[in-house]
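As structure tokens, the structure follows; a few thoughts come after it.
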Amino acid sequence: MRARLSDIARQAGVSEATVSRVLNDRPGVSADTRQAVVTALDVLGYERPERLHKRSAGLVGLIVPELENPIFPAFAQIIESALAQTGYTPVLCTQTPGGVTEDEYLEMLLDRQVSGIVFVAGLHADTTADHERYQRLIDRPMPIVFVNGFAEGIAAPFISCDDKQAAESAVAHLAALGHERIGFVSGPERFRAVQRKLEGYHNAMRRHVPGYDRHAPDELVVLTLFGVEGGEVAAGQLLDREVTALVCGSDLMALGAIRAAHRRGLAVPRDMSVVGFDDSPLIAFTDPPLTTLRQPVAAMGNAAVRALVDEINGHAAPRSEYIFPAELVVRGSTAAAPTRRLAKTSHIPAA
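Below, the structure is given as structure tokens:
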């Protein structure tokens, strides 16, 4: 057996200890190294141990907030596929109002001895939530990675879309079309993504709209519940304030805004322009097709899995935030500002 281990180690270019870990299906070996040892077995004519014939690297928890917003199934699909390619079996945990909580899912995943956990827009994204739960995971240690929602003080990899840049791009696009009364609609301000979008919105409004004052009352901003209904209610309030365009925190909120406009007999984009966020599946086929900021879901999901697998294999990923730019996708829901309404509100007075 000693000679056999040395032959395999030499062929694979690894240590005998590493060969032993692979043959005994133990953790702590990267997927590439494991494959090199298995290949060496085949080249030297040794029979693979039964445990390596159908090997699963283990279970990985994937916690998403809900599946009603199409962006979350899109993230889940990418992450699950990437995990499967590395030999891991994903365990999808979906939260619903009044259902299983994130903490309850964590207990279940720990009981099943998962190798790591990916959180997508979880409680880490809520600046008012207690983040001590994540520190306890790190102390175990349990490899974890977060997608969308940066939290200070957690020593783990974060994968985020550039929400600030996204909002700035949306406002710049609308301002270039002649809009000045540009409203902002999103979810509660306690979420990090909303805070960053709001910052980008204010920065761009101050840069592109004459007379806009960042410290003036936020008459053009309505923060409400995420979803179609929240977008509809918020848009109705801003239409009362004679906005001609809206930047929305999600595609679903943008669809709610369009519904609010239609119920008032307004046409989109003739009377009001709307920009969404996410570019979730099928959003290009709405009526009108929605102008939106596209999250790079594939790139973000794959990056999250790479970081997690590195953590599992003992190659610690940098404890920092990786930020991915959003792409402005211009479709049919934005157009030049209506001159009739602009004549009423041609200037936003400073406070």
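All residue numbers for the sequence shown refer to our numbering, where the first residue is 1 and numbers rise by one.
Where is the CB? At the ideal position from N, CA and C, for every residue including glycine.
Limits of the unbroken beta strand (DSSP E) element including residue i
{"i": "T286", "result": "Neither: T286 is in no beta strand (DSSP E) and is coded neither H nor E."}
{"i": "L223", "result": "221 to 223"}
{"i": "P90", "result": "88 to 94"}
{"i": "Y322", "result": "321 to 324"}
{"i": "A245", "result": "245 to 248"}
{"i": "L62", "result": "58 to 64"}
{"i": "E327", "result": "327 to 329"}
{"i": "V120", "result": "116 to 120"}
{"i": "S273", "result": "273 to 278"}
{"i": "V185", "result": "182 to 186"}
Cβ-based neighbour list, residue i, same chain, cut-off 7 Å, excluding 5 preceding and 5 following
{"i": "F72", "result": "V64, P65, E66, V120"}
{"i": "A304", "result": "I79, V118, V145, V147, I159"}
{"i": "F277", "result": "A166, C248, G249, S250, D251, T292, L293"}
{"i": "L225", "result": "G187"}
{"i": "A298", "result": "I78"}
{"i": "H208", "result": "V171, A172, A175"}
{"i": "E16", "result": "L5, S6, A9"}
{"i": "V100", "result": "none"}
{"i": "P281", "result": "P70, A74"}
Cβ shell of residue i (< 8 Å), same chain only, five flanking positions each side left out
{"i": "L62", "result": "A76, I79, E80, L83, P90, V91, L92, C93, I117, V118, V120"}
{"i": "E229", "result": "G256"}
{"i": "R241", "result": "R181, G183, E219, L220"}
{"i": "T127", "result": "A151, R190, F191, R192, Q195"}
{"i": "A335", "result": "L177, P269, R270, S273"}
Closest residue to residue i among the options (Cα-Cα distance)
{"i": "R190", "options": "R206, L223, G183", "result": "L223"}
{"i": "L41", "options": "S20, V29, S30", "result": "S20"}
{"i": "P70", "options": "R294, E311, H173, T127", "result": "R294"}
{"i": "S160", "options": "R331, L44, A326", "result": "A326"}
{"i": "E107", "options": "T96, D126, T128, R136", "result": "R136"}
{"i": "L23", "options": "R34, A74, S30", "result": "R34"}
{"i": "R270", "options": "R181, N302, E104, A337", "result": "A337"}
{"i": "A245", "options": "L174, M205, A204", "result": "L174"}
{"i": "M253", "options": "A17, E68, D32, R4", "result": "E68"}
{"i": "Y105", "options": "D126, E321, V60", "result": "V60"}
{"i": "G153", "options": "R319, R331, N313", "result": "R319"}
{"i": "L177", "options": "R10, R4, V330", "result": "V330"}
{"i": "V29", "options": "P49, V309, R192", "result": "V309"}
{"i": "S333", "options": "N313, M272, P210, L266", "result": "M272"}
{"i": "Y46", "options": "R4, A74, T18", "result": "R4"}
{"i": "L328", "options": "D25, P296, V194", "result": "P296"}
{"i": "L266", "options": "E168, V243, D25, D279", "result": "V243"}
{"i": "M300", "options": "T18, E321, P289", "result": "E321"}
Start-to-end residues for the alpha helix (DSSP H) that takes in residue i
{"i": "T33", "result": "31 to 44"}
{"i": "E107", "result": "102 to 111"}
{"i": "S20", "result": "16 to 23"}
{"i": "L266", "result": "Per DSSP, L266 belongs to no alpha helix (DSSP H) and is neither H nor E."}
{"i": "L370", "result": "This structure does not reach residue 370, given that the chain is present from 1 up to 351, and the question cannot be answered."}
{"i": "S81", "result": "71 to 85"}
{"i": "E132", "result": "132 to 139"}
{"i": "L67", "result": "Taken as a continuous stretch (DSSP letters only), L67 belongs to no alpha helix (DSSP H), as it is neither H nor E."}
{"i": "Q195", "result": "192 to 208"}
Sequence-distant residues of its chain with Cβ nearer than 6 Å to residue i (five each side left out)
{"i": "R55", "result": "Reliability fails at R55, whose pLDDT of 46 lies under 50, so the model's placement of it is uncertain and no value is given."}
{"i": "K164", "result": "R196, E199, G200"}
{"i": "A260", "result": "E232, A235, G236"}
{"i": "A12", "result": "A36, V37, A40"}
{"i": "R133", "result": "none"}
{"i": "K122", "result": "At residue 122 the sequence reads Gly, which differs from the Lys that was named. Only I63, E102 meet the Cβ criterion."}
{"i": "G149", "result": "A121, H124, A125, R192"}
{"i": "A129", "result": "L123"}
{"i": "A307", "result": "V145, P157, A317"}
9 Å Cβ cutoff met for residue i and residue j
{"i": "S115", "j": "P157", "result": "no"}
{"i": "G58", "j": "Q95", "result": "no"}
{"i": "I258", "j": "V268", "result": "yes"}
{"i": "H131", "j": "A151", "result": "yes"}
{"i": "A31", "j": "G87", "result": "yes"}
{"i": "P49", "j": "I312", "result": "no"}
{"i": "D139", "j": "I323", "result": "no"}
{"i": "L239", "j": "R264", "result": "yes"}
Item to check | Length at least 3, wholly inside the segment 141 to 167: the beta strand (DSSP E) runs in chain order | outcome: Fully enclosed beta strand (DSSP E) runs of 3 or longer: 144 to 147, 158 to 161.
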